[in-house]
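Remarks on the structure that follows.
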Amino acid sequence: MSQDACILTTKDLTILEVMLDRCMGRDDPMAPLLRRKIESALIVFRDDVSEIVATLNSRVRFAVDDGHAQTRVLSHDPMHHPNGLFLPITSPRGLALLGVSEGQSFRLPVNDGSVETLRLEKVLYQPEKTRRERERTAMVEPSGGRRPQLKLIRGAHYGRAHASVAAEPDGYDDPGPSAA
Numbered sequence: 800m801s802q803d804a805c806i807l808t809t810k811d812l813t814i815l816e817v818m819l820d821r822c823m824g825r826d827d828p829m830a831p832l833l834r835r836k837i838e839s840a841l842i843v844f845r846d847d848v849s850e851i852v853a854t855l856n857s858r859v860r861f862a863v864d865d866g867h868a869q870t871r872v873l874s875h876d877p878m879h880h881p882n883g884l885f886l887p888i889t890s891p892r893g894l895a896l897l898g899v900s901e902g903q904s905f906r907l908p909v910n911d912g913s914v915e916t917l918r919l920e921k922v923l924y925q926p927e928k929t930r931r932e933r934e935r936t937a938m939v940e941p942s943g944g945r946r947p948q949l950k951l952i953r954g955a956h957y958g959r960a961h962a963s964v965a966a967e968p969d970g971y972d973d974p975g976p977s978a979a
């Protein structure tokens, strides 16, 4: 796998294509990085993505150059609370990590002309993996060992005797418009 190669789910690819369409023009600094990601991507369904690939909403541990490891959640939009927890894919580092596998590095050009290397150390949580595990558990235990989620609440008249209306001798029990 080349250094730029990444693995994207169909959902992640669609989001990147929309981001590229919305780039403000040729001067947008994200446009070349978006093209690079899209062109080098291997596209898979969410059920087929490996658990070691960073997908949208994955919690990842990564290092920039030879710095200390950082842990972030790859998010779609910038989120500020709690501060420092999220890394949006609308930022160069977030976009660089999307689709990268554990142990893989991604060289990212920086504004000052230098290049920084991001290395994905570990995917700590991946929503697709969790979804597969939940579905697998549901297949093994159809009821899931849980009680039903709905509870019947009886009305105020439950158990009371109902007033009966006797039919007229001719079998017709409609009181007519005056009863309304």
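According to our numbering, the sequence shown is numbered sequentially starting from 800.
Think of the CB as a built atom: it goes at the ideal place given N, C-alpha and C, for glycine as much as any other residue.
The model shown is predicted, which means the values in this text are computed figures rather than measured ones.
Could you check if D847 is buried or exposed, using at least 16 other CB atoms within 10 Å of its CB as the buried criterion?
-> exposed
By the 10 Å Cβ neighbour count, where 16 or more other Cβ atoms means buried, how is L873 classified, buried or exposed?
-> Buried, by the Cβ-count rule.
Simplified DSSP state of S857, which is helix, strand or coil = coil
Limits of the unbroken beta strand (DSSP E) element including P887 | 885-887
CB contact check: S890 to chain C, cutoff 8 Å | Considering every chain present, this structure includes no chain C. It has just one protein chain.
What number of angstroms, rounded off, separates the C-alpha of L917 from the C-alpha of D911?
-> 17 Å
Measure the alpha-carbon distance for F885 versus K921 and round it to whole angstroms.
-> Approximately 16 Å, taken between the alpha carbons.
Which value, in whole angstroms, describes the spacing of the CA atoms of R827 and Q903?
-> Note that residue 827 is Asp in the sequence shown here, rather than Arg. Rounded to the nearest whole angstrom, the CA to CA distance from D827 to Q903 is 26 Å.
Would you mind working out which of R821, R845, V843, F844 sits nearest R834, comparing C-alpha positions?
-> R821
Can the beta-carbon of V859 be found less than 8 Å from the beta-carbon of T808?
-> no
Three-state class that DSSP yields for V817 in the structure shown = helix
Which class does L812 belong to by DSSP, given the choice of helix, strand or coil?
-> helix
Along the chain, which unbroken stretches of the alpha helix (DSSP H) at least 4 residues long are found entirely within the stretch 891-922?
-> Runs found: 891-896.
Relative to the alpha-carbon of D876, which residue among A868, G866, I888 has its alpha-carbon at the smallest distance?
-> I888
Alpha-carbon spacing of E932 relative to E850, whole angstroms | Cα to Cα, the separation comes out at about 11 Å.
Excluding the 5 residues preceding and the 5 following E915 in the sequence, name in chain order all residues of the same chain whose CB lies nearer than 7 Å to its CB.
-> V863, D864, L907, V909
C-beta contact flag for S839 and A804 at 8 Å | yes
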